[in-house]
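Q:
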Amino acid sequence: MVIVLDKVNVIFKQKGRKMHAVKEASISINKGEIFGIVGPSGAGKSTLVRVINLLQPPASGRVIVGGQDITRFKGTALRKVRLKIGMIFQHFNLISGATVYDNIAFALKANNCPEPKIRERVLELLTQVNLADKEQVYPANLSGGQKQRVAIARALANDPEILLCDEATSALDLENTEEIIRILRRINRENPITIVFITHEMDVARKLFDRIAVMADGEIVEVGDTYRVFTEPEHPMTQSLVSRVLNIEIPEHLQLKDQEEMLKITYTGERAYEPLISKVSKEFDVLVDILHGKIEYIQGKPLGILLIKLSGDAAEIAKARDYIAGQVFKIERLSAAIEGGELNG
Ligand SMILES: Nc1ncnc2c1ncn2[C@@H]1O[C@H](COP(=O)(O)OP(=O)(O)OP(=O)(O)O)[C@@H](O)[C@H]1O
Numbered sequence: 001m002v003i004v005l006d007k008v009n010v011i012f013k014q015k016g017r018k019m020h021a022v023k024e025a026s027i028s029i030n031k032g033e034i035f036g037i038v039g040p041s042g043a044g045k046s047t048l049v050r051v052i053n054l055l056q057p058p059a060s061g062r063v064i065v066g067g068q069d070i071t072r073f074k075g076t077a078l079r080k081v082r083l084k085i086g087m088i089f090q091h092f093n094l095i096s097g098a099t100v101y102d103n104i105a106f107a108l109k110a111n112n113c114p115e116p117k118i119r120e121r122v123l124e125l126l127t128q129v130n131l132a133d134k135e136q137v138y139p140a141n142l143s144g145g146q147k148q149r150v151a152i153a154r155a156l157a158n159d160p161e162i163l164l165c166d167e168a169t170s171a172l173d174l175e176n177t178e179e180i181i182r183i184l185r186r187i188n189r190e191n192p193i194t195i196v197f198i199t200h201e202m203d204v205a206r207k208l209f210d211r212i213a214v215m216a217d218g219e220i221v222e223v224g225d226t227y228r229v230f231t232e233p234e235h236p237m238t239q240s241l242v243s244r245v246l247n248i249e250i251p252e253h254l255q256l257k258d259q260e261e262m263l264k265i266t267y268t269g270e271r272a273y274e275p276l277i278s279k280v281s282k283e284f285d286v287l288v289d290i291l292h293g294k295i296e297y298i299q300g301k302p303l304g305i306l307l308i309k310l311s312g313d314a315a316e317i318a319k320a321r322d323y324i325a326g327q328v329f330k331i332e333r334l335s336a337a338i339e340g341g342e343l344n345g
C-alpha cells in the first residue's frame, strides 16, 4: 500500500516551549517495499512513523494511505485504516499475563475473527515466525528475539498491508537481530506487505532496507536506494552514519615515511582487486602493500574496501594513484593516525 506524507509538521508543546519534532517531511513509500528511516537519537524518527497510523496527528500536512487522505480520520474510519497497519516496538509490548497463543488470539478476537478460525490462524502465524512450539509459553520465558517474533505474529494477525517497526531490533543481540531481519524479508517476499522500519542501527539498514530516508533534527535530509545511500552518501549526516559501517581500522602504530602514501580504495560489484594490485606493481615503479581489506554486503550486493600503502618516487606514486582511480569506484588518500584507530578520509 502506498504511503504518502506531504509536508508533515509535528510540534510538541511542553511547559510553554515549542518543540518542532518533524519539519515539512515529505516522503512517498511504494507498495511492497521495505522502507527505512535512519538518523540519530532525537531526530524525529519515532514521531514520523507514528504519524503514518495517526498515533501522532500532525500539526499540518497530509497523510495519504492507499490513495486515501486519512489526516482527519477519526472513530470508525480511523479504526478501519489502522486495521490495515500493524506495528511492532522496541520493547515488544506483549501482554505478560497471557500465553503466546492468547497474545495473538486477542488481536484476532478484537477484529471479530470467527472462533473456529482463531486456532488455525494463530498456528499459521506462529509457523511463519518459527515459534510453533511456543504457543503455551508466557512472554517472561521467551528470549528477546522470540518476544519480538510473537509481536510480529500479532501485528500480522489481521493481514495488514503495512507493518510499522519502531526500533524493532534495537533491544536484541546480533543473532536475534539477524533472525528478525530474515523473517521480515521473507514475509515481505511472500506477501506484498509494505514495511516501514526505523532504526539508528546502520548495520540493520544495509541488510534490510530497499530504500532509506535519513532524518536529522526533524527534517528528512536524504532519500535513496540503500546501495546508493551507502556508496554515495550526499548529506553530511548520511556520510557520518555510513562511514561507521564502511570504516576500516588503520593497523596500529602504522607511520607513513617519506615517499609513502596510504590509499583507501572502494570498489563495487564482485570484481576482485588482485589483478589491479599486481598490474600496479608491474607497470609502475612502486611497491604495493595491502594493509587491510574487507567486503561489506549492502542489500546483498558486495562493496569492497581495501587499504593499501604505495612506496616509491612521488611522481610514480601519483601515476599509480591516477591509474587506480580510473579503475575503482572511489579512492581516498589517508594519513595514518598516530596510534592507529579510525580512518580520516
Ligand atoms: N510526546 C512528546 N512530548 C514532547 N516532546 C516529544 C514527545 N515525543 C517526542 N518528543 C521530542 O521530539 C523529538 C523527536 O523525538 P523522536 O522520539 O521522534 O526521535 P527519534 O529519532 O525517534 O529518537 P529516538 O531514537 O531517541 O527515539 C525529541 O527531541 C523528543 O524529545
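For the sequence shown, the UniProt record's numbering assigns the number 1 to the initial residue and increments by one for each residue that follows.
A virtual CB, placed ideally from N, CA and C, is assigned to each residue, including glycine.
Bear in mind the structure is a predicted one, so any value in this text is a computation, not a measurement.
(1) At a cut of 8 Å, does the stretch 304–314 reach the stretch 258–273 through at least three beta carbon pairs?
(2) Assuming L125 contacts I104 under a Cβ cut-off of 8 Å, what Cβ separation, rounded to an integer in Å, is found between them?
(3) Return the CA-CA distance between L108 and R149, expressed in angstroms with no decimal places.
(4) Heavy atom of ligand 1 less than 6 Å from the Cβ of G42, yes or no?
(5) Roughly how many whole angstroms lie between the Cα atoms of G345 and A205?
(6) Are there three or more Cβ pairs, one per stretch, closer than 8 Å when the stretch 126–137 is compared with the stretch 52–59?
(7) Go ahead and pull the three-state DSSP assignment for P58.
(8) Consult DSSP for L123 and reduce its assignment to one of helix, strand or coil.
(9) What does a CB cutoff of less than 8 Å around A216 pick up in its chain, not counting 5 residues either side in sequence?
(10) Could you tell me which residues DSSP pairs with Y297 in its beta bridges?
(11) Three or more C-beta pairs under 8 Å: does that hold for the stretch 63–80 against the stretch 248–257?
(12) Would the beta-carbon of V4 fall within 7 Å of that of S28?
(13) Could you check whether the Cβ of M19 sits closer than 6 Å to any heavy atom belonging to ligand 1?
(14) How big is the Cα-Cα spacing for D133 and S278?
(15) N176 lies in the alpha helix (DSSP H); which residues open and close that run?
(16) By DSSP, does S311 sit in helix, in strand, or in coil?
(17) Got a sec? Which residues, its chain only, sit under 6 Å from S281 by beta carbon, not counting five neighbours each side?
(18) Considering only heavy atoms of ligand 1, does any lie closer than 6 Å to the CB of K45?
(19) Note down the Cα distance separating K147 from T47, rounded to an integer number of angstroms.
(20) Can you find the residues in the same chain that come closer than 8 Å, C-beta to C-beta, to D285, ignoring five residues on each side of it along the sequence?
(21) If you run the structure through DSSP and keep just helix, strand and coil, what is E219?
(22) In whole angstroms, what is the alpha-carbon distance linking H292 and L254?
(23) Given a threshold of 16 other Cβ atoms within 10 Å of its Cβ, counted over all protein chains shown, does D159 qualify as buried or as exposed?
(24) Please identify the residue among K15, D69, V328 whose C-alpha is closest to the C-alpha of P275.
(25) With DSSP collapsed to three states, give me the class of A168.
(26) Would you kindly work out how many angstroms separate the C-alpha atoms of I37 and I187, rounded to a whole number?
(27) Under the DSSP definition of a beta bridge, which residues are partnered with L287?
(28) Identify, in the order they occur along the chain, each residue of the same chain with its Cβ nearer than 7 Å to the Cβ of K294, setting aside the five sequence neighbours on each side.
(29) When burial is assigned at 16 or more other CB atoms within 10 Å of the CB, is K45 buried or exposed?
(30) Let me check understanding here. Comparing Cα to Cα, which of E232, A320, L310 lies closest to L256?
(31) Closer than 6 Å: is that where the CB of F12 sits relative to any heavy atom of ligand 1?
(32) In its own chain, which residues sit with a C-beta less than 7 Å from the C-beta of T268, not counting the 5 before and 5 after it?
(33) Taking just the CA atoms, how far does N111 sit from E135?
(34) Measure the C-alpha to C-alpha separation of K117 and A157 and round it to an integer number of angstroms.
A: Inspection of the coordinates gives the following:
(1) yes
(2) 6 Å
(3) 17 Å
(4) The answer is yes for G42.
(5) With a pLDDT of 39 at G345, under the threshold of 50, the modelled position of that residue is not reliable, and no figure is offered here.
(6) Not touching, per the Cβ criterion.
(7) coil
(8) helix
(9) G39, P40, A43, H235, M237
(10) Its beta-bridge partners are P302.
(11) no
(12) yes
(13) Yes, the beta carbon of M19 sits closer than 6 Å to at least one heavy atom of ligand 1.
(14) 55 Å
(15) Taken as a continuous stretch (DSSP letters only), the alpha helix (DSSP H) holding N176 covers 174–190.
(16) In the structure shown, S311 sits in a strand (DSSP, three-state: E or B).
(17) V288
(18) yes
(19) 24 Å
(20) G312, D313, E316
(21) strand
(22) 12 Å
(23) exposed
(24) The shortest C-alpha separation from P275 is found at V328.
(25) coil
(26) 19 Å
(27) S311
(28) I248, I305
(29) Under the 10 Å beta carbon count, K45 is surrounded by 16 or more other beta carbons and is classified as buried.
(30) L310
(31) yes
(32) T231, L303, F329
(33) Straight-line measurement puts the Cα of N111 at about 20 Å from the Cα of E135.
(34) Cα to Cα, the separation comes out at about 12 Å.
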